[in-house]
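First up is the structure itself, then whatever we jot down about it.
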Amino acid sequence: MDPIIWSRIQFAVTAAYHWLFVPLTLGLALVMAVMETLYLVKKDEFWKKATKFWMKLFAVNFAVGIATGIILEFEFGTNWSNYSWMVGDMFGAPLAIEGILAFFMEATFFAVMFFGWEKVSPRFHLASTWLTGIGATISAYWILVANGWMQNPVGTTFNPDTVRSEMASVAAFWEVVSNPVAVSKFCHSVTSGWVTGGIFVVGVSAWYLLKNRHVEFARKSLLIGAIVGLVGSGAVMLSGDSSGVHAAEFQPMKLAAAEGLMDGGRGAAFTIVPGIKIPKMLSILATHKADGFVPGINDILNGYIGDDGIRVPSVAEKMEAGRNALDALAVYRSLRDTDPVLADASRQMLEENVQYMGYGHLSAPEDVVPPVGVVFWAFRLMIGLGMLVALVLLLALIAVWKDKLGSWKWLLWAAIVCIPLAYICGQCGWIVAEVGRQPWTIQGLLPVNVAISSLSAGQVMTTFFIFLAVFALFLTIEIRILLRAIGKGPDVEPSEA
Amino acid sequence: MTWGRPLVWLIILKLFILFAVLRVFFFKPEMSGMTPEQKSELVGERITNTK
Numbered sequence: 017m018d019p020i021i022w023s024r025i026q027f028a029v030t031a032a033y034h035w036l037f038v039p040l041t042l043g044l045a046l047v048m049a050v051m052e053t054l055y056l057v058k059k060d061e062f063w064k065k066a067t068k069f070w071m072k073l074f075a076v077n078f079a080v081g082i083a084t085g086i087i088l089e090f091e092f093g094t095n096w097s098n099y100s101w102m103v104g105d106m107f108g109a110p111l112a113i114e115g116i117l118a119f120f121m122e123a124t125f126f127a128v129m130f131f132g133w134e135k136v137s138p139r140f141h142l143a144s145t146w147l148t149g150i151g152a153t154i155s156a157y158w159i160l161v162a163n164g165w166m167q168n169p170v171g172t173t174f175n176p177d178t179v180r181s182e183m184a185s186v187a188a189f190w191e192v193v194s195n196p197v198a199v200s201k202f203c204h205s206v207t208s209g210w211v212t213g214g215i216f217v218v219g220v221s222a223w224y225l226l227k228n229r230h231v232e233f234a235r236k237s238l239l240i241g242a243i244v245g246l247v248g249s250g251a252v253m254l255s256g257d258s259s260g261v262h263a264a265e266f267q268p269m270k271l272a273a274a275e276g277l278m279d280g281g282r283g284a285a286f287t288i289v290p291g292i293k294i295p296k297m298l299s300i301l302a303t304h305k306a307d308g309f310v311p312g313i314n315d316i317l318n319g320y321i322g323d324d325g326i327r328v329p330s331v332a333e334k335m336e337a338g339r340n341a342l343d344a345l346a347v348y349r350s351l352r353d354t355d356p357v358l359a360d361a362s363r364q365m366l367e368e369n370v371q372y373m374g375y376g377h378l379s380a381p382e383d384v385v386p387p388v389g390v391v392f393w394a395f396r397l398m399i400g401l402g403m404l405v406a407l408v409l410l411l412a413l414i415a416v417w418k419d420k421l422g423s424w425k426w427l428l429w430a431a432i433v434c435i436p437l438a439y440i441c442g443q444c445g446w447i448v449a450e451v452g453r454q455p456w457t458i459q460g461l462l463p464v465n466v467a468i469s470s471l472s473a474g475q476v477m478t479t480f481f482i483f484l485a486v487f488a489l490f491l492t493i494e495i496r497i498l499l500r501a502i503g504k505g506p507d508v509e510p511s512e513a
Numbered sequence: 036m037t038w039g040r041p042l043v044w045l046i047i048l049k050l051f052i053l054f055a056v057l058r059v060f061f062f063k064p065e066m067s068g069m070t071p072e073q074k075s076e077l078v079g080e081r082i083t084n085t086k
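Going down the list, the protein sequences come from chains A and B. Letter 384 of the first sequence, counting from 1, is numbered 400 in this note's numbering, and no numbers are missing. Letter 7 of the second sequence, counting from 1, is numbered 42 in this note's numbering, and no numbers are missing.
Below you can see the structure in the form of structure tokens.
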């Protein structure tokens, strides 16, 4: 029993569980805000009742999903204490801002939105609905700043005295905040939430249409859901493109694994499935140039000349530099109080090699290769399901315009089926992002086997199974309440619906 | 809204389980109670010894 494996499984399951709630929160928040805006603009009571119905489903999802991310922070301290100490200075700031500013903003306006219909003015209520969604979105930004830093650790300096990655200045903080990896991950994640929210509304509305219940409510909701979902789909594609470029630049091994690309080169082809390729497409996606160089797994292991003409060292060379950094760190820490001259020399050696420090912990160059099969197929599943959901959303929009919703029953069933598929798509995206960056907790600086606490597998298994039992119960409760609320339907009069 | 009260209780129950049970009895930070200097020493030792 390996505590590293169990800790990783626990973290992965907790994060995946958390991500069941976040996308629907982000997506439904936008749908509700659009509907309530229509209510105020059109002065049509129908939109108020429609907003209230979707708000009810939003509230159930919010109530069960709230604070599920906190477990991840518990796990940092218990299972990943070396990592937590090393990143405490950098990681603490965005997570604190998330908790203090964004989460409280979200929670405060959620309360006004949910309980304040008859207690505050319609305009203030509308503002609260928008601010709930904006708060959730800002919250996501700060979390992804922290995650983006792990993928591309910018703006920090390793301090050998404290053994921490520290932000030395306000400028460094802004470098962390504007990390291009964080920005593209934020755009990709939030807009994928709009797709999930959109297809959820379309799918639930489709069920009412199939049952011939609340038909007018379902038609109008389906239209809003399809528009929100389609806008999200377009933005997901754009931000996905920039994620690909950033992966090529900062995490080429992740891209090579996602493509199953053993030997790279110029004008690299994109593999749709094994055996079917689009010539030059990978180079276009990764570098925006048809003959751009994309390194494969073997190129990264053996070293290569990048598109900019700069030689990227082999993993063996990086391992040697990493061992030099770790040796220098040990010497510096043992001599800093007794031999300042030698300590200074060691510190200088550490600074020269610190960017590869994590490689010093690896036992073989192949350790830097993530599980290729998992990343390869998760990537394909994500793209395939994402395109399928976008197609169904587009067809739903066409069906509304052409008044075909009554006759295109297959589309209504497809919309219902697409609800779980959108969730699987989102989970696959995170598998690509997180499994694809193994073995690193912090890219190039700290592998998982060093980030872990000193604990037994039994300790992790205890917390893992408690978490699994408690949160499986909460998830069951949520699904039951959601299904009951959907079964009861919106509180609209027959003449309105 | 009649849904409000059960949802509030659901949130309170969950926060209780999270902070009063899981956090207190199961998720104890490994380095709680240590000074920053002690933490630096421990992590520095672990990092330089894991090669």
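Even glycine gets a Cβ: it sits at the ideal position worked out from N, Cα and C. Fair warning: this is a prediction, and the values are worked out from it, not measured in the lab.
Inspect the beta-carbon positions of N95 of chain A and L489 of chain A and report whether they are closer than 9 Å.
-> Judged by beta-carbon spacing, L489 of chain A lies beyond the 9 Å limit of N95 of chain A, meaning their Cβ atoms are not closer than that value.
Based on the DSSP secondary-structure assignment, which residues constitute the bridge partners of L462 of chain A?
-> Paired residues: A:I458.
Quick one: what's got a C-beta closer than 6 Å to I154 of chain A's C-beta in the same chain, skipping five residues either side?
-> Apart from sequence neighbours up to five positions away, the residues of its chain that approach I154 of chain A with a beta-carbon distance below 6 Å are A118, ordered along the chain.
Which one of A:D507, A:Q459, A:M253 has the shortest CA to CA distance from V384 of chain A?
-> Looking only at A:D507, A:Q459, A:M253, the smallest Cα-Cα distance to V384 of chain A is reached by A:Q459.
Decide if the segment 208–217 of chain A is in contact with the segment 368–388 of chain A; the criterion is three or more beta carbon pairs, one per stretch, under 8 Å apart.
-> The answer is no - the segment 368–388 of chain A does not touch the segment 208–217 of chain A, with fewer than three Cβ pairs under 8 Å.
Under 9 Å between C-beta atoms of E122 of chain A and G151 of chain A | In this structure, G151 of chain A lies closer than 9 Å to E122 of chain A by Cβ.
Bridge partner(s) assigned by DSSP for R327 of chain A | As computed with DSSP, R327 of chain A is found in a beta bridge with A:I321.
Could you give the uninterrupted runs of the alpha helix (DSSP H) lying entirely in the segment 108–187 of chain A, keeping only those of 4 residues or more?
-> Qualifying alpha helix (DSSP H) stretches, in chain order: 120–131, 138–167.
Could you tell me which of A:F487, A:S97, A:I497 sits nearest to P71 of chain B, measuring between CA atoms?
-> Closest by alpha carbon: A:S97.
Taking F481 of chain A as the reference, which of A:W22, A:D18, A:M17 has the closest Cα?
-> Just measuring C-alpha positions, the residue of A:W22, A:D18, A:M17 sitting nearest F481 of chain A is A:W22.
According to the neighbour-count rule (16 or more other Cβ atoms, all chains shown, within 10 Å of its Cβ), is I116 of chain A buried or exposed?
-> In the assembly as shown, I116 of chain A is an exposed residue. Its beta-carbon has fewer than 16 other beta-carbons within 10 Å.
Outcome for E275 of chain A when other beta-carbon atoms lying within 10 angstroms are tallied against a minimum of 16 | Per the 10 Å Cβ criterion, buried.
Burial state of A513 of chain A, where buried means 16 or more other Cβ atoms lie within 10 Å = Here A513 of chain A scores only 47 on pLDDT, less than 50, and its place in the model is too uncertain to base an answer on.
Option nearest G93 of chain A by Cα separation, candidates B:M66, B:Q73, B:W44, B:L77 | Comparing Cα-Cα distances from G93 of chain A to each of B:M66, B:Q73, B:W44, B:L77, the minimum goes to B:M66.
For K74 of chain B, which of helix, strand or coil comes out of DSSP?
-> DSSP places K74 of chain B in helix when its eight states are reduced to three.
Let me know the secondary structure DSSP gives I292 of chain A once reduced to three states.
-> If DSSP states are grouped into helix, strand and coil, I292 of chain A belongs with the strands.
From this set, A:G171, A:T478, A:W223, A:Y157, which residue's C-alpha is nearest S200 of chain A's C-alpha?
-> Out of A:G171, A:T478, A:W223, A:Y157, A:Y157 has the C-alpha closest to the C-alpha of S200 of chain A.
Along chain B, in chain order, which residues have C-beta atoms closer than 9 Å to that of G93 of chain A?
-> In chain order: F62, K63, P64, E65, M66, S67.
Start and end of the alpha helix (DSSP H) containing T53 of chain A?
-> Residues 19–58.
Range covered by the alpha helix (DSSP H) that runs through V357 of chain A = From DSSP, the alpha helix (DSSP H) with V357 of chain A extends over 356–369.
Compare the C-alpha of I435 of chain A against each of A:G256, A:E89, A:T212 and name the closest.
-> When only C-alpha atoms are compared, the closest one is A:T212.
Residue range of the alpha helix (DSSP H) that includes W210 of chain A = For W210 of chain A, the uninterrupted alpha helix (DSSP H) run begins and ends at 196–226, by DSSP.
Along the chain, where does the alpha helix (DSSP H) that runs through A251 of chain A open and close?
-> For A251 of chain A, the uninterrupted alpha helix (DSSP H) segment begins and ends at 231–266.
Within 10 angstroms of the Cβ of V357 of chain A, are there 16 or more other Cβ atoms? Answer buried if so, exposed if not.
-> When all chains shown are included, V357 of chain A counts as exposed.
For the putative contact between N77 of chain A and F37 of chain A, defined by C-beta atoms under 8 Å, what is the C-beta separation to the nearest angstrom?
-> Rounded to the nearest angstrom, the Cβ distance from N77 of chain A to F37 of chain A is 6 Å, consistent with a contact under 8 Å.
Please list, in chain order, all residues of the same chain as A473 of chain A whose beta carbon is under 7 Å from its beta carbon, the five residues on each side excluded.
-> Around A473 of chain A: M17, D18, P19, W22.
Buried or exposed for H304 of chain A, please, with buried defined as at least 16 other CB atoms from any protein chain shown within 10 angstroms of its CB.
-> So H304 of chain A ends up on the exposed side.
What residues in its chain sit with their C-beta under 7 Å from that of L345 of chain A, if we drop five residues either side in the sequence?
-> Cβ neighbours of L345 of chain A beyond the five flanking positions: P176, L366.
Check the C-beta distance from V301 of chain A over to G250 of chain A and give it rounded, since I have them as a contact under 8 Å.
-> Inspection of the sequence shows that residue 301 of chain A is occupied by Leu rather than by Val. With 8 Å as the limit, L301 of chain A and G250 of chain A do not qualify as a contact, their Cβ atoms being about 17 Å apart.
Own chain residues within Cβ distance below 6 Å of N465 of chain A, not counting five before or after = For N465 of chain A, same chain residues with a beta-carbon under 6 Å away, outside a window of 5 residues either side, are I20 in chain order.
If we cut at 9 Å on Cβ distances, does R363 of chain A have a partner in chain B?
-> False, the Cβ-Cβ gap to chain B never drops below 9 Å.
Report the rounded CA-to-CA distance for A337 of chain A versus P329 of chain A, giving the unit in angstroms.
-> Taking the CA atoms as reference points, A337 of chain A sits about 10 Å from P329 of chain A.
As assigned by DSSP and simplified to three states, the class of Y348 of chain A = Looking at Y348 of chain A - three-state DSSP - the assignment turns out to be helix.
Reducing DSSP to helix, strand and coil, say where T67 of chain A ends up.
-> Note: T67 of chain A maps to helix in three-state DSSP.
Taking DSSP as the reference, what is the three-state secondary structure of R40 of chain B?
-> If DSSP states are grouped into helix, strand and coil, R40 of chain B belongs with the helices.
Extent of the continuous alpha helix (DSSP H) run through K420 of chain A = Neither: K420 of chain A is in no alpha helix (DSSP H) and is coded neither H nor E.
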